[in-house]
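*Asks:*
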Amino acid sequence: MPHSLFDDFKEGGFHSSILSTFSVDPAFYDASLQLRLRGLGCQNNLLLADASMLEQSLEAIPDAFANAGRKYLVVPVTTTSCFHPKLALRYGKAKARLIVGSANVTSAGWAGNLELVSTLSWQARDEDEDSEIHRTLFVRAHQWVSALIGPADDNKAAYKLELLRSQSPWIDDDGLEGGTPFNLSDGSQVDLLLSDPSNASGLADRMLKLVDEPVERLTIISPYWDDQLSALKRLNAAVGEPDLRIFLSQNARSPSRSSTFPVGAIGKLALKFHPIGASGESDDRFLHAKMFLFHGSDHDFLFIGSANCTVAALGVPGKAGVNHECLLFRKLPRGSAKKHLKLSYKSKIAVVDIAVPPDKSEAASETTTFMAGSVERRARRLVWSPNPNVPDVVASIKVDELHFPLAKHADGLWIADTGDVKLGSNIARICLVDGRISRPMIIASPEELMRFAPFPVSDAIRKKLDAVLSGDADLIGLAKDIHLLLEDDAKSGPALERIRAAGGGSATRGIAGRDFATPDEFRKALNLRASMKSAGLAHGDNPALQALLQIVLRGMVNVETIDRIDADDVATAKGHDLGEDQDDVGQSDDVAAPPRPVSAADMGPEIVSDSEFERNQAALWRGIGKFQGFLGRAKDSDAALDLNFVTRSLFMLYLMLHGSTKRYKTEDGEEAVLIPFTGGPGEDFRDSFLFVAAQSIAAIWGPNFARSLIRRLKFTVEADTLPIQITTLTIISRWVLAAILSEVRIAKAHKSLRDVLEKQVPSLFAATKVFPELGQEELLATIRQMEANLDVDAEQGARIRKTLGELGRD
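Residue numbering for the sequence shown follows our numbering, starting at 2 and increasing by one per position.
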């Protein structure tokens, strides 16, 4: 029966996909299919492609791979012949779907050709044996393609496979044991035949072994054949030379889309040809389907998938074919395959009306190019990992028409500095001193791949973070979950550790503050610049922390979110009308643009009940207590601290600041904040934001560099820019310290405290000068945006900025 792949891919509930293809159509996958997957929540996507065909596409239309190596990973599979399976695996938390067939991941395969596909589904809630059989076959397909991806050689692929595994733990259970085929509850049988050149036996041997009764008719559909029909003759003879039928398509309007057959090699074969289509009607589409149907005395033995009727695909007796292929086997009641596939043997095609294959042109061997390896983008550097046989006489890496000199490092990697150049392409070539230029390679960005397919967090936390980011929930709502957001990563389970190990195979050595006696030595060793303009990925292995950082940054700088990027890409794709252009359009690719975050200045006081106000207030103070305990444990420990510590500390300072500026109106009409900014006359200064924030800042930065938590920081930097969470923590810490002085100076009730703070604050402010300084213009712009977002009183903000300037000059 007709099956729409577009409609099939409307189904949601999948987090990952692996698709394999021989032909490569980047305009279809990049600008259509991967957007469709992402729009349905399937963010972790891999495309496996034949290396030679991928190279041809890179040569012909390099600009079409705009999102490769960023939103999805392209894995070239190099073989001595062809990587030819057409598999689509989609993974859910408790579900899976497998498509096996003849369709490449191209617009022609999905909408232009006549293809043949079959689907298998599994859901954990289905406990019958048929469901477990489907899962077992899916796991076998997964294990096969995973081995081809070669994660040991590619940390990016390893990360994506481990991410998939962490979200679908059922994939680690091999499933049913014993021989195949499997018997289904309806009396039929099913099996998945996966073949590569290393197998002891080929597909033909395995097919013939499964056909366990006399064959009366053999029907084959194949768009390509051996010149001498060797595979066809072998199959026909092995089953006793039964009635032999071949289905072809004929297209008078477009002869190039008609089937071909090497009629000169028929010899003594007694075979009949039939047109594909109902009642013998011609079909204008190219017949790309592959099918082997053995009509037995009692059953149909049906094989469909990627394999043509060629020796390269099916092999010879006792030896596998040279291609990688896949076939799905079904043993069905006699006559059912003919009925379901609507095969009609009534009309016939005369041999004289059959087109023969065109002569094969000898492809000129290319001796001036070579396979170079892989290239990664790491901030302002391109890192090349060469193939073993590439000579060391390397000159540069070429992107567009730009050349960047390469220098070899001790670890064997070659690195080129791109500086401030904005690359217009993600396709690179290696240029050797002797003039040779490599074949094209996709520039992958490990950071972007992790950004667009992040490690999962618990549903409850994720929903709250998403609600805050979208403006649908108050930031204070996260105070109730501070204990979860502050917990040690070691408690997150082994999956996170495997993710980190998989994603960090090429990390550079970290720099630790405790290795230096003074802050000046630490700053010089870092040799970094400060900037708020690089608000990209900071926590690829922890999206909860990435979300916390994003919540803070969006109030200080313009942050480009993945939702916004996806929406822009969808709009661009629609503008170019790329991808599917047939009637079978499937689901709309419209993705709503994320709403603009709403600042406190955009709205009046939030109206809440007295009890809700009290609950929020209690939650915030409990969160502050948890944070103080978090800092205390860090002080008591001698362990190194990472950037996760910085982001958690930064978020808590921002949360407290939000609690001191966010206005509420209770039922009695009074306006209040959850925590006073300074505390008025008669109020205890220790219950104010400035006091508890100062305590936290003192614990982080003080009392001096030697005893500070900041000195215990150890982090890895791939670029020339200080990690943005450190820069942001420095800004907020200094702003709070300036606020303490500016406010205490005008508060008559705190004269004795002012005298103490006039001495302590400048000392603590000086301790924040460990890291590179942000430019004055960028610093003021960032602070002004933060104050506006938090609705800080204009006069108060001006006082704080004036004091900030004074402290900075000391």
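For glycine and all other residues, C-beta sits at the position ideal for the given N, C-alpha and C.
May I have a chain-ordered list of the beta strand (DSSP E) segments no shorter than 3 residues that lie completely inside the stretch 71-102?
*Replies:* Within the stretch 71-102, the complete beta strand (DSSP E) runs of at least 3 residues are 74-78, 88-92, 96-102.
*Asks:* For ASP174 and VAL140, what's the separation of their Cα atoms in angstroms?
*Replies:* For this step, residue 174 is matched to residue 173 along the sequence shown. For this step, residue 140 is matched to residue 139 along the sequence shown. Those two C-alpha atoms are separated by around 8 Å.
*Asks:* Can you name, in chain order, every residue of its own chain whose Cβ lies under 6 Å from the Cβ of LEU6, other than the five neighbours on each side?
*Replies:* As a first step, residue 6 must be located in the sequence shown, where it is residue number 5. Counting only Cβ-Cβ distances below 6 Å, and skipping sequence neighbours, we find TRP111.
*Asks:* Excluding the 5 residues preceding and the 5 following LEU710 in the sequence, name in chain order all residues of the same chain whose CB lies nearer than 8 Å to its CB.
*Replies:* For the purposes of this step, residue 710 is taken as residue 709 along the sequence shown, with counting starting at 1. Result list for LEU710: LEU632, ALA635, LYS636, LEU642, PHE646, ALA700, ILE701, TRP702, in chain order.
*Asks:* What's the gap between the Cα of LYS320 and the Cα of LEU195?
*Replies:* As a working note, residue 320 is residue 319 in the sequence shown. As a working note, residue 195 is residue 194 in the sequence shown. Straight-line Cα distance between these residues: approximately 14 Å.
*Asks:* Going residue by residue through the stretch 190-230, where are the continuous beta strand (DSSP E) segments of at least 3 residues, counting only ones entirely within it?
*Replies:* Whole beta strand (DSSP E) segments, 3+ residues: 190-196, 216-222.
*Asks:* Looking at the unbroken beta strand (DSSP E) that takes in ALA396, where does it start and where does it end?
*Replies:* On the sequence shown, position 395 is the one that residue 396 refers to. Taken as a continuous stretch (DSSP letters only), the beta strand (DSSP E) holding ALA396 covers 395-400.
*Asks:* Below 7 Å CB to CB, which residues in the same chain sit around ASP669 once its five sequence neighbours on both sides are set aside?
*Replies:* Looking up residue 669 in the sequence shown gives position 668. So no residue of the chain qualifies.
*Asks:* Looking only at its own chain, which residues have a Cβ that is under 6 Å from the Cβ of SER812, when we skip the five neighbours before and after it?
*Replies:* This structure cannot settle anything about residue 812, because the visible part of the chain is limited to 2 through 811.
*Asks:* My assumption, with CB atoms under 8 Å, is that ALA232 sits in contact with SER82. Please give the rounded CB distance.
*Replies:* Within the sequence shown, numbered from 1, the residue matching residue 232 stands at position 231. Within the sequence shown, numbered from 1, the residue matching residue 82 stands at position 81. Between SER82 and ALA232 the Cβ distance is about 14 Å, and since that is not below 8 Å, they are no contact.
*Asks:* Just verifying my parser: in three-state terms, what is the DSSP assignment at LEU485?
*Replies:* Along the sequence shown, one-based indexing puts residue 485 at 484. Of the three classes helix, strand and coil, the one that applies to LEU485 here is helix, per DSSP.
*Asks:* Quick test of the definition: if touching needs 3 or more C-beta pairs under 8 Å, does the stretch 326-337 touch the stretch 171-189?
*Replies:* Touching, yes.
*Asks:* If you follow the beta strand (DSSP E) that ARG785 is in, where does it begin and where does it stop?
*Replies:* Working through the sequence shown from its first residue, we reach residue 785 at position 784. Counting along the chain, ARG785 falls outside any beta strand (DSSP E), though it belongs to the alpha helix (DSSP H) covering 777-790.
*Asks:* Take THR120 as the anchor and find which of ARG136, LEU651, ASN114 has the nearest alpha-carbon.
*Replies:* In the sequence shown, residue 120 corresponds to position 119, counting from 1. It is ARG136 whose Cα lies nearest to the Cα of THR120.
*Asks:* Among HIS404, ALA109, ASP131, SER189, which residue has its Cα nearest to the Cα of ARG1?
*Replies:* The requested residue 1 does not occur in the structure, where the chain is confined to residues 2 to 811.
*Asks:* Answer yes or no: do GLU744 and LEU691 have a C-beta to C-beta separation smaller than 8 Å?
*Replies:* Here the question's residue 744 lines up with position 743 in the sequence shown. Here the question's residue 691 lines up with position 690 in the sequence shown. Against a cut-off of 8 Å, the Cβ pair of LEU691 and GLU744 comes out as a contact.
*Asks:* I need the straight-line Cα distance from LEU36 to ALA373, nearest angstrom please.
*Replies:* Position 35 of the sequence shown, counted from the first residue, corresponds to residue 36. Position 372 of the sequence shown, counted from the first residue, corresponds to residue 373. Roughly 30 Å between the two C-alpha positions.
*Asks:* Check whether the Cβ atoms of VAL394 and VAL434 sit closer than 8 Å, and answer yes or no.
*Replies:* For the purposes of this step, residue 394 is taken as the residue at position 393 of the sequence shown. For the purposes of this step, residue 434 is taken as the residue at position 433 of the sequence shown. Cβ atoms of VAL394 and VAL434: closer than 8 Å.
*Asks:* CA-CA distance, TRP171 and GLN124?
*Replies:* In the sequence shown, counting from the first residue as 1, residue 171 sits at position 170. In the sequence shown, counting from the first residue as 1, residue 124 sits at position 123. In a straight line, the C-alpha of TRP171 is about 11 Å away from that of GLN124.
*Asks:* Among LYS770, ASP129, VAL106, ARG664, which residue has its Cα nearest to the Cα of THR731?
*Replies:* Position 730 of the sequence shown, counted from the start, is the residue given in the question as residue 731. With distances taken between Cα atoms, THR731 lies closest to LYS770.
*Asks:* Label ARG802 either buried or exposed according to how many other C-beta atoms from any shown protein chain fall within 10 Å of its C-beta, with 16 as the threshold for buried.
*Replies:* Here residue 802 corresponds to residue number 801 of the sequence shown, with the count starting at 1. Buried: at least 16 other Cβ atoms inside 10 Å.
*Asks:* What is the DSSP secondary structure of GLN251, reduced to helix, strand or coil?
*Replies:* The residue labelled residue 251 in the question sits at position 250 within the sequence shown. DSSP places GLN251 in coil when its eight states are reduced to three.
*Asks:* Taking C-beta to C-beta, are ALA356 and PRO256 nearer than 8 Å?
*Replies:* In the sequence shown, counting from the first residue as 1, residue 356 sits at position 355. In the sequence shown, counting from the first residue as 1, residue 256 sits at position 255. Closer than 8 Å, so yes.
*Asks:* Could you give the DSSP three-state label for GLY306: helix, strand or coil?
*Replies:* Residue 306 sits at position 305 when you count from the first residue of the sequence shown. DSSP places GLY306 in strand when its eight states are reduced to three.
*Asks:* By alpha-carbon positions, which one of ASP473, VAL75, ARG649 ends up nearest to SER697?
*Replies:* For this step, residue 697 is matched to residue 696 along the sequence shown. SER697 has its Cα closest to that of ARG649, out of ASP473, VAL75, ARG649.
*Asks:* So which of ALA526, LYS666, GLU671 has the shortest CA-CA distance to PHE716?
*Replies:* To locate residue 716, count along the sequence shown from 1; it is residue 715. Residue ALA526 is the option with its Cα nearest to PHE716.
*Asks:* Given a threshold of 16 other Cβ atoms within 10 Å of its Cβ, counted over all protein chains shown, does GLY494 qualify as buried or as exposed?
*Replies:* Stepping through the sequence shown from its first residue, residue 494 is reached at position 493. No answer about GLY494 holds up, because its pLDDT of 49 lies below 50 and its placement is not dependable.
*Asks:* Quick one, which of LEU554, THR728, ARG687, ARG713 has its alpha-carbon nearest ASN790's?
*Replies:* Here residue 790 is taken as the residue at index 789 of the sequence shown, counted from 1. Nearest option by C-alpha distance: LEU554.
*Asks:* Could you please give me the residues that DSSP links to LYS361 through a beta bridge?
*Replies:* Here residue 361 refers to the residue found at position 360 when the sequence shown is read from its first residue. According to DSSP, LYS361 bridges with nothing at all.
*Asks:* Hey, would you say ALA52 sits closer than 8 Å to PRO77, going by beta carbons?
*Replies:* Residue mapping note: residue 52 aligns to position 51 of the sequence shown, counting from 1. Residue mapping note: residue 77 aligns to position 76 of the sequence shown, counting from 1. In this structure, PRO77 lies closer than 8 Å to ALA52 by Cβ.
*Asks:* By DSSP's criteria, MET451 is part of a beta bridge. Which residues make up the other side?
*Replies:* Here residue 451 is taken as the residue at index 450 of the sequence shown, counted from 1. Answer is none; MET451 lacks a bridge partner.
*Asks:* Considering only C-alpha positions, which residue in the set ALA69, GLY70, TYR73, GLU128 is nearest to ALA95?
*Replies:* Position 94 of the sequence shown, counted from the start, is the residue given in the question as residue 95. ALA95 has its Cα closest to that of GLU128, out of ALA69, GLY70, TYR73, GLU128.
*Asks:* What residue ranges within the stretch 711-778 form continuous alpha helix (DSSP H) runs of no fewer than 4 residues, ordered along the chain?
*Replies:* Those alpha helix (DSSP H) runs which fall completely within the stretch 711-778 and span 4+ residues are 725-747, 752-768.
*Asks:* Would a C-beta distance cut-off of 8 Å place LEU236 and ALA205 closer than the cut-off?
*Replies:* Taking the first residue of the sequence shown as position 1, residue 236 is located at position 235. Taking the first residue of the sequence shown as position 1, residue 205 is located at position 204. Result yes, Cβ atoms of LEU236 and ALA205 sit closer than 8 Å.
*Asks:* Excluding the 5 residues flanking ARG800 on each side, which residues of the same chain have their C-beta closer than 7 Å to its C-beta?
*Replies:* As a first step, residue 800 is located in the sequence shown; it is residue number 799 there, counting from the start. The residues are SER743.
*Asks:* Is the beta carbon of GLU522 less than 8 Å from the beta carbon of PRO606?
*Replies:* On the sequence shown, position 521 is the one that residue 522 refers to. On the sequence shown, position 605 is the one that residue 606 refers to. Against a cut-off of 8 Å, the Cβ pair of PRO606 and GLU522 comes out as no contact.
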